[in-house]
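Below is one structure, written out as structure tokens; comments come after it.
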């Protein structure tokens, strides 16, 4: 990797994308997300040496939504290791809209831990193995983020519960196949709280740092997950982090990453850096319109990807 | 129709089928149904002139299960008429096992009122339009059966509720598409009670008589449904009464009919007769193994079908 | 059946449908069919007693297209009987557009003999068992139509061959599963010639008469198929004659029938009559818009259906 | 990357896998592939500095089959660049067995260039843009392999043509959707010849070196593809190189790679090395049973993957 002036690059990217800043629309199905200013745009990159580069609304918190599914996955792997993969797969799902279809054909085993069905199964695992799942999950997120002030946002969790019929269909179908072991309401409660976490770009980049440092926490040196586990989580992000746009993101950005319908995207270069970007307008596949473009330009301009 | 000696024909059929009387196995997924003697076999035919012909265990009650869906359909048509068909279709479902798949592709509108999803929507309609849906539905069944003693069997209804995850997946998926208007628990409660009715072959044949008499009750002369409505209910039975064995049943028997996993089958020849048969062992498609054979032999020997 | 004045009824129906006579559009994918006047409308009803009733353009010939699949089915049944059903099913297909999907899931066995894949398999059977399949098939159609002048229309057959990629995909997929035994080009050639037959409404009604008379030819008394075979062909028409509108047609018309993209529909009441109607404008499902309405009004006004 | 003694590691891996060397079975559907000794096992790793490490039957040639699809993709990208992606996608296919299903739902645009349908479209593109496609494709493979002696194996190509009904179904379905522009026979001929190439492990590792060196040929310094194109080809391999075992391979091996039913697998670490392994017995997903294990152990023991 050649020496990179991120500050200049961020400036260039923001200028270059100015003409398309109104493309896409924020998620509308979760009422709480509708109140966000759709024109926000922020980026924060942290490297493994502790340097920070940022631009725009990078200090403003937003709902990270599905990005949290990486945390629940990491915690479940920490708790039960390899056994997790008897309950959920590691294959791309092929299509955003057929999760119920695949779930029926594949007898209740979700394709991967990032589609809704898979993340729900991960929550079910956490409930089975943890004493106080909701608190311990929050503690784990606070630990990897090195930030004890992070909170679930109850109003967002409740807002999602009101509109959660599709997720209920998923969980009952999986229970019919024997792949849900706990009370349905309790599992969904944990799932919706998981998705209600808010962070800003800096916090998000920090919280994914352990995946860029082979599992080790940057500050404390504690092993959050093993190097092999970190590698595998990164792999799952690469293949499944963007629903049925995983190929497109890999193709254009070339880094493992995860998006959320709140408009956040986090990506990372193992051994090098993590980067979080936020822009609430989404493209037709449910990923941040500008966020995808910002990261594509970033790895193009730095000529730096894992491939 | 030539003059037919049903007594002799029933005798012949029972003899002829003796060698295969142990084929198939009773439904095992509803605990309450497991206690039934699997070797029972009964038939009762009632014609529009009030004659009765029967053989075997025709006076023993059994759980009619999905056969009841014809009653809920008839009541819903009586209550809201043509409007029902905006909520549920009249097309065969194509496959027994893909109801969730079709439901997702077709945006929450079930293919027909006899697949589980369709019968659940019909219950939702009854709840919207009736004051006391559970009682009024029972009253309607008692009326068409001319039998005020018929009852829901609470233990069967509760037994099914315990194993009803697949049905919950269906109803939440439909609610996600806006095709369920009432409380999910209330709708499923009505649905499971509907399926818990018990009758014997004679009672079952009697309760379907209005569909053989152009909608008119045989005793009272009251119009249960209009002639046109009776015809249409018969059509839906012909095309959708046997899940993905509807073609097979039509092909071999040539009469509209409806089966239930309790091993009952009812069929009818418009303007002529109704016939109910019961044998608990099921074939691979979930229809009574012997019941299908009995009716096939019946219409073959009498050379009498609607086609 | 009450005494019916068909002449009056036809008059009433034509008047009543006048306001919607421009609904729908003729098939456009077969160039040869585009040259037809879309405003044609004719009907011809023949009863088993030899009476005839007709109205409109009932003497003008049109391309009967898929209606011919009933003739190839009847001939195949005549030639190999029950064995045919190991090669093709008798179940409704569930959806017009998923024939390749179902065919793949169900390993090359088409759902029924009226979807394209099924009719192609029937042609493959005829080629295996007949000396001169194309001539013998034409001879059979001439025989049931009591009309030695009927001809294949070569220009229509060739026009379809030019646009037959979808059918080639179907036949190669079936051959991959081992369900095509002859040369692909020869099978498709027979298939396209089969669909190129032209008749007028009177001829069409005549050619289906053997299915209303339990298999016996009306003039010669020859048994074309056995009574049981006639009944089963009628059943397959009832369940599968209108692609994924079979339920709708059964529901509204209540008779077994078969449609073609040339705008023809034939239906029959076993033991009573056959009726052919022709109007080239199609509805969204590929069936004659006016043809469906005419037959719906006919059975409504005569209060006469098999159900 | 720590200093690695590949010779020792290869020895250890071969010893460790000894107990499972009889697992799986060679592909049986292509007659020409059945004559291969199923117990062969070879590996060859070449790094960007020109060093070579190998073990076992690494000098014996085998049919590389689908691995060749990377060459046709690279050539198509070289010829028409970005425009290729209007004809074929970059998303994982989700399931090995539903290519016809997806192809129908997605209107003839294959998911990616490595499923059969996608590779066929790439061949169609080459035929449109090249003067002498079959010779120019072979010349391109010889160039990237730095080996003018490589040849198509006619007997293998012809063997596949005899069993190619499924591929014919795919190509006709795509032509029906307008996504095949040339003569079907010519396209399939190129496709089957493409898959008939034979190499040994050393040659295979050499021929993929341009993808580990940002597109530049190791010997001549010529740019085969641009750095950005090389990166994108690697991405597509990562996501789609192993049919519906892409996730599994990424998860366990952590490198972009491509397998063939001849039992070959090639993988590469951008900027570091390429590695080819060959063992003809396949697992249930059609990938080399031992080949997968060898590469999993390799990246585990060297603690070296892109993630």
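Chains as they are written, first to last, in the working numbering: chain G, 8 to 314; chain L, 8 to 314; chain A, 8 to 314; chain V, 8 to 314.
Quick reminder that beta carbons are idealized off the backbone N, C-alpha and C, glycines included.
Burial state of residue i (16 or more Cβ within 10 Å)
i, result
"residue 48 of chain G", "buried"
"residue 109 of chain A", "buried"
"residue 155 of chain G", "exposed"
"residue 186 of chain A", "buried"
"residue 88 of chain L", "exposed"
"residue 57 of chain V", "exposed"
"residue 75 of chain V", "buried"
"residue 228 of chain A", "exposed"
"residue 255 of chain A", "buried"
"residue 257 of chain V", "buried"
"residue 238 of chain A", "buried"
"residue 25 of chain A", "exposed"
"residue 12 of chain L", "exposed"
"residue 93 of chain L", "exposed"
"residue 65 of chain L", "buried"
Per DSSP, the bridge partner or partners of residue i
i, result
"residue 6 of chain L", "Since the first residue of chain L shown is 8 and the last is 314, residue 6 of chain L is not available in this structure."
"residue 295 of chain G", "G:289"
"residue 265 of chain G", "G:273"
"residue 51 of chain G", "G:61 and G:283"
"residue 69 of chain L", "L:206"
"residue 81 of chain G", "None; residue 81 of chain G has no bridge partner."
"residue 253 of chain A", "BP columns for residue 253 of chain A are empty, so no partner."
"residue 32 of chain L", "L:289"
Nearest-angstrom Cα separation, counted from residue j out to residue i
i, j, result
"residue 41 of chain V", "residue 80 of chain L", "59 Å"
"residue 37 of chain A", "residue 123 of chain A", "15 Å"
"residue 189 of chain A", "residue 131 of chain A", "6 Å"
"residue 264 of chain V", "residue 100 of chain V", "16 Å"
"residue 177 of chain L", "residue 78 of chain L", "21 Å"
"residue 301 of chain V", "residue 114 of chain A", "35 Å"
"residue 248 of chain G", "residue 43 of chain A", "54 Å"
"residue 231 of chain A", "residue 85 of chain A", "8 Å"
"residue 217 of chain L", "residue 313 of chain A", "16 Å"
"residue 112 of chain G", "residue 184 of chain G", "11 Å"
"residue 295 of chain L", "residue 304 of chain A", "38 Å"
"residue 95 of chain A", "residue 240 of chain A", "13 Å"
"residue 306 of chain A", "residue 259 of chain A", "8 Å"
"residue 253 of chain L", "residue 266 of chain L", "10 Å"
"residue 298 of chain L", "residue 98 of chain A", "19 Å"
"residue 279 of chain A", "residue 250 of chain V", "58 Å"
"residue 234 of chain A", "residue 14 of chain L", "24 Å"
"residue 282 of chain L", "residue 68 of chain L", "15 Å"
"residue 196 of chain A", "residue 196 of chain L", "57 Å"
"residue 133 of chain A", "residue 198 of chain A", "10 Å"
Chain C contact for residue i (CB, 8 Å cutoff)
i, result
"residue 280 of chain V", "In the structure shown, chain C does not exist; the protein chains are G, L, A and V."
Discussion item. For the structure I just gave you, are there three or more beta carbon pairs, one from the stretch 266–283 of chain V and one from the stretch 237–255 of chain V, closer than 8 Å?
Written reply: yes
Discussion item. Quick check: the stretch 197–217 of chain V against the stretch 288–300 of chain G, are at least 3 beta-carbon pairs closer than 8 Å?
Written reply: no
Discussion item. Counting beta carbon pairs with one atom in the stretch 26–37 of chain V and one in the stretch 50–69 of chain V, are three or more of them shorter than 8 Å?
Written reply: no
Worksheet entry | Touching by the beta-carbon criterion (3+ pairs, under 8 Å), the stretch 8–22 of chain G and the stretch 168–179 of chain G | no
Worksheet item: If you pair each beta-carbon of the stretch 60–73 of chain G with each one of the stretch 201–208 of chain G, do three or more pairs fall below 8 Å?
Response: yes
Worksheet item: Along the chain, which unbroken stretches of the beta strand (DSSP E) at least 3 residues long are found entirely within the stretch 92–178 of chain L?
Response: none
Practice prompt. Scan the stretch 214–241 of chain V and note each continuous alpha helix (DSSP H) run of 4 residues or more that stays entirely inside, going in chain order.
Written response: 216–219
Item to complete: Say whether the stretch 194–205 of chain G touches the stretch 144–160 of chain G, bearing in mind that this needs 3 or more beta-carbon pairs closer than 8 Å, one atom from each stretch.
Response: yes
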